[in-house]
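Counting in our numbering, the sequence shown runs from 877 upward without gaps.
Built from N, CA and C at the ideal position, the CB exists for glycine as well.
Bear in mind that the values here come from a model prediction, so they are computed numbers and not experimental data.
Structure first, commentary second.
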Amino acid sequence: MRREAQLWGGAAAAVLGLGAASFALAVVATATPEAHVLRYLEALAADDLVAAARLAGVPDGDALPLGDDGEPSIVRIIERTDSTDGDARVIAEYGTEQDAVTAVFLLTPGPAHLGIVPVWQFARSPIDSASVEVDQHDRLRVNGQIVQTPEAGEAVSLAVFVPSRVTARVVDPHVQADAVSRRVNGSTPTAIVLEAKPTALLTRDVAVEFESFLIACTEQRVLLPTGCPFGRSVTERVVDRPTWQLTSPPDIEIVAGRSPGTWAVVGEAELRLTVQVQRLRDGLVSDLDETVTANLGGEVVITDDGPELTIYPPPG
877 MRREAQLWGG
887 AAAAVLGLGA
897 ASFALAVVAT
907 ATPEAHVLRY
917 LEALAADDLV
927 AAARLAGVPD
937 GDALPLGDDG
947 EPSIVRIIER
957 TDSTDGDARV
967 IAEYGTEQDA
977 VTAVFLLTPG
987 PAHLGIVPVW
997 QFARSPIDSA
1007 SVEVDQHDRL
1017 RVNGQIVQTP
1027 EAGEAVSLAV
1037 FVPSRVTARV
1047 VDPHVQADAV
1057 SRRVNGSTPT
1067 AIVLEAKPTA
1077 LLTRDVAVEF
1087 ESFLIACTEQ
1097 RVLLPTGCPF
1107 GRSVTERVVD
1117 RPTWQLTSPP
1127 DIEIVAGRSP
1137 GTWAVVGEAE
1147 LRLTVQVQRL
1157 RDGLVSDLDE
1167 TVTANLGGEV
1177 VITDDGPELT
1187 IYPPPG
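Right, here's the structure in full:
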């Protein structure tokens, strides 16, 4: 009996020892507001968004806010101040050497763990919003996620863990924009506006479409091809049917249109006209061989199926 009692006592001592260790760990992890903020920031830095959401008080089942784009090298608590009502204010520094920011967190005591261990929780959610948009497009990638805006040139608001870095870029073969990064510090509004411009691929594809259009126009062996941006009037009598030839590829430029999501196309191309004419006053027959400039215009809209080009008819 005595030996059994000693064995049981040893086991009990071991269990109590583990319990004391767990208790000490819980105290270290939750007893101070600084510890709570640090755990939250470390979870954010480790890209453990589930843990960050729990520490931030996000209800289970809710969509996770955006995390941090990058690998922060600075995660530290700067100071803590207590208020007379028992709340605490914690200032932390977070980010990289190039973009670290200070963020202020307000915390309040929560129900004690096991009725003993103090627990702190955020009095103000460490989640803010970032507004992102592309001036001439409606799709972008934010921190690796594809985001669709309501319309081209309109902004969409995204929930973000503070103080995450948000990076927006355009990923489209026909539209490009310089990536922009901002840190959400929870105190000032965060807005990202990307300036889109056409890619070389879009310019090339549109030029090919115009070239095909012009070549089709040259098949009309008349001085003023119908629906085409070129032609030539003569006062002499035409002896034979005119011949048109595109002498150089269209030289075009694509610029932002009048409304978001549209692109205006302007440019020109040169064609060669050859035709035999007869002067009315003396009946002299001669060959007319000259270069005619075609002024090009159109509009491009980028759709889910790719760019759609509308070629403007000639004025008049």
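**Request:** With a threshold of 16 other CB atoms inside 10 Å of the CB of isoleucine 954, please say whether the residue is buried or exposed.
**Result:** Its Cβ having fewer than 16 others within 10 Å, isoleucine 954 is exposed.
**Message:** Could you tell me the alpha carbon to alpha carbon distance between leucine 920 and threonine 957, rounded to whole angstroms?
**Reply:** 23 Å
**Prompt:** In three-state terms, what does DSSP make of valine 926?
**Reply:** helix
**Asked** How is the alpha helix (DSSP H) around proline 1183 delimited, first residue to last?
**Response** Premise fails: proline 1183 lies in the beta strand (DSSP E), 1182-1187, not in any alpha helix (DSSP H).
**Item:** 3 or more residues per run - each beta strand (DSSP E) lying fully within the stretch 961-1049
**Value:** 964-971, 977-989, 993-998, 1003-1010, 1015-1018, 1021-1024, 1032-1037 and 1041-1045
**Request:** Can you tell me which of the three DSSP states threonine 1094 falls into?
**Result:** helix
**Beta-carbon proximity of alanine 1044 to leucine 1070, cut-off 8 Å** = Result yes, Cβ atoms of alanine 1044 and leucine 1070 sit closer than 8 Å.
**Request:** Give a yes or no on whether the C-beta atoms belonging to leucine 917 and alanine 968 are separated by under 8 Å.
**Result:** yes
**the stretch 1082-1094 touching the stretch 1133-1153, judged by at least three CB pairs closer than 8 Å** = yes
**Message:** To the nearest angstrom, how far is the alpha carbon of arginine 1000 from that of asparagine 1061?
**Reply:** 13 Å
**Message:** Closer than 8 Å is the cut-off here; do at least three beta carbon pairs connect the stretch 1037-1056 with the stretch 1092-1105?
**Reply:** No, the stretch 1037-1056 does not touch the stretch 1092-1105.
**Distance between beta carbons of valine 1008 and alanine 1031, contact taken as under 8 Å** = That belief holds up - the Cβ atoms of alanine 1031 and valine 1008 are roughly 7 Å apart, short of 8 Å.
**Prompt:** Which residues bound the alpha helix (DSSP H) around alanine 921?
**Reply:** 909-921
**Chain-order list of residues whose beta-carbon lies under 6 Å from that of glycine 946 (same chain, five-residue window excluded)** = Arg1041
**Message:** Counting C-beta neighbours from all protein chains within 10 Å, is the total for arginine 1059 16 or more, i.e. buried, or is it exposed?
**Reply:** With 16 or more other Cβ atoms within 10 Å, it is buried.
**Request:** Helix, strand or coil for alanine 939, going by three-state DSSP, please let me know.
**Result:** coil
**Message:** Please identify the residue among Asp1014, Ile950 and Ala964 whose C-alpha is closest to the C-alpha of glutamine 974.
**Reply:** Nearest of Asp1014, Ile950 and Ala964 to glutamine 974, Cα basis: Ile950.
**Request:** Using a threshold of 8 Å, state whether the C-beta atoms of leucine 983 and proline 909 are closer than that.
**Result:** yes
**Request:** Would you mind sorting threonine 1111 into buried or exposed? The rule is 16 or more other CB atoms within 10 Å of its CB.
**Result:** exposed
**Rounded straight-line distance, which links the Cα of arginine 1113 to that of glycine 1159** = The straight-line gap from Cα to Cα measures roughly 9 Å.
**Request:** Check whether the Cβ atoms of leucine 1164 and valine 1151 sit closer than 8 Å, and answer yes or no.
**Result:** yes
**Prompt:** When DSSP labels each residue in this structure, what does threonine 1080 get in the three-state scheme?
**Reply:** Before going further, note that residue 1080 is arginine rather than threonine in the sequence given. Arginine 1080 falls in the helix class under three-state DSSP.
**Prompt:** Whole-angstrom Cβ separation of proline 1049 and threonine 1075, contact assumed at under 8 Å?
**Reply:** Going by Cβ atoms, the distance from proline 1049 to threonine 1075 rounds to 6 Å, so yes, they are a contact pair.
**Message:** Taking 6 Å as the limit between beta carbons, can you name the residues of its chain near alanine 1132, skipping five residues before and five after?
**Reply:** Only Gln1012 meet the Cβ criterion.
**Message:** Distance check for glycine 1173 and glycine 1020, CA to CA, integer angstroms please.
**Reply:** 37 Å
**When Thr1102, Pro1190, Asp1181 and Val1161 are compared against valine 1142, the one with the closest alpha-carbon** = Pro1190
**Prompt:** Can the beta-carbon of glycine 971 be found less than 8 Å from the beta-carbon of valine 977?
**Reply:** yes
**Request:** Count the other C-beta atoms from every protein chain shown that fall within 10 angstroms of the C-beta of alanine 1072, then say buried if there are 16 or more, exposed otherwise.
**Result:** buried
**Item:** Contact under 8 Å by Cβ, alanine 1035 with isoleucine 1068
**Value:** no
**Asked** Straight-line CA distance for aspartate 1181 to alanine 1053?
**Response** 20 Å
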